[in-house]
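Asks: The sequence shown maps to residues 1 to 205 in the UniProt record's numbering.
Even glycine gets a Cβ: it sits at the ideal position worked out from N, Cα and C.
This one's a predicted model, so the numbers in the text were calculated from it and none came from an experiment.
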Amino acid sequence: LTLAVVLPEHNLTYPWAWPRVGPAIRLATAAVNARPDLLPGLTLRWVFGSSEDRHGVCSEMAAPLAAVDLQLAHHPAAFLGPGCVYTAAPVARFTSHWHLPLVTAGAEAHGFDDKREQFGLTTRAGPSHRKLGELCVQLHRHFNWTRRALLVYWDERVDDRPYFFAAEGLYMQLPTLRNLTVQDIVFRDGGNFSFIIQEIKHKGR
């Protein structure tokens, strides 16, 4: 029984990087194989594919290619990873097409909540930005913030866009509060911070 692992191979800036997760996978595999009653007649093993590009960054091209290679060569029963949003999305679409489960500690974006089709077999073991949005809704209700919400976030559009996807969770959930106006402002390195402060002053309350 084969588990396909698709994670960043070296880059430790990712919490799900192989040097962090690999030891746990090895221990879990050994623990399962030490219990013949868990998988009678089967032996659990894992195969690895990197989701990094040559710069060590999560790659939406490298990850699905690694997943396809592992599927063709090893016919795994399930996939573990990727974690980054832009790598997890195409791999999850493939695994859904193959009718295989995918478990990830990442993929926090709101879009992964759609279980009707392409992400129906994706399970997130970590936090999701939808839950962050639901928390924000509860805070608004508790403090009776019922008129306006202004989301200000950093977005360089060159990485996995963690702040964009975090803000998206709030942006999608806050409108569930009736009559609440939600606006967003993006700022980048070298941006006009005076303008942003004025926008907060005029629109945020």
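1. Pull up the CB-CB distance for V91 and P82, whole angstroms please, since I reckon it's below 8 Å.
2. Put A34 into one of helix, strand or coil per three-state DSSP.
3. Taking the beta strand (DSSP E) that Q183 belongs to, which residues open and close that run?
4. Under 8 Å, with one C-beta from each stretch per pair, do the stretch 122-140 and the stretch 27-37 reach the 3-pair mark?
5. According to DSSP, what are the bridge partners of R148?
6. Do L70 and A149 come within 8 Å of each other at the CB atom, strictly closer than that value?
7. N11 and E52: beta carbons closer than 8 Å?
8. E52 bridges to which residues according to DSSP?
9. How many Å lie between Q138 and V182 at the Cα?
10. L72 and P101 - do their beta-carbons sit closer together than 8 Å?
11. State buried or exposed for Q198, treating a residue as buried only when at least 16 other CB atoms are found within 10 Å of its CB.
12. Round the Cβ separation of V6 and A66 to the nearest angstrom and send it over; I've been treating them as touching at under 8 Å.
13. Relative to the C-alpha of I185, which candidate in H202, E9, T2 has its C-alpha closest?
Replies: Short version:
1. In the sequence shown, counting from the first residue as 1, residue 91 sits at position 91. In the sequence shown, counting from the first residue as 1, residue 82 sits at position 82. Indeed they touch by this definition, with Cβ atoms about 6 Å apart.
2. Numbered from its first residue, the sequence shown carries residue 34 at position 34. Three-state result, A34: coil.
3. For this step, residue 183 is matched to residue 183 along the sequence shown. Where Q183 is concerned, the enclosing beta strand (DSSP E) stretches over 181-187.
4. No, the stretch 122-140 does not touch the stretch 27-37.
5. Taking the sequence shown and counting its residues from 1, the one referred to as residue 148 is at position 148. The partner list for R148 (beta bridge, DSSP) reads T181.
6. Here residue 149 is taken as the residue at index 149 of the sequence shown, counted from 1. Here residue 70 is taken as the residue at index 70 of the sequence shown, counted from 1. No, these two residues do not count as a Cβ contact at 8 Å.
7. Against the sequence shown, residue 11 aligns to sequence position 11. Against the sequence shown, residue 52 aligns to sequence position 52. Contact: yes.
8. Within the sequence shown, residue 52 is the residue found at index 52, counting from 1. DSSP links E52 through a beta bridge to C58.
9. The sequence position of residue 138 within the sequence shown is 138, counting from 1. The sequence position of residue 182 within the sequence shown is 182, counting from 1. Rounded to the nearest angstrom, the two C-alpha atoms are 15 Å apart.
10. Position 101 of the sequence shown, counted from the start, is the residue given in the question as residue 101. Position 72 of the sequence shown, counted from the start, is the residue given in the question as residue 72. Their beta carbons are not under 8 Å apart, which means P101 does not touch L72 by this criterion.
11. If you number the sequence shown from 1, residue 198 lands on position 198. Classification of Q198: exposed, given that the 10 Å Cβ count is below 16.
12. For the purposes of this step, residue 6 is identified with residue 6 of the sequence shown, where counting begins at 1. For the purposes of this step, residue 66 is identified with residue 66 of the sequence shown, where counting begins at 1. 5 Å between Cβ atoms; contact.
13. Position 185 of the sequence shown, counted from the start, is the residue given in the question as residue 185. Considering only alpha carbons, the answer is H202.
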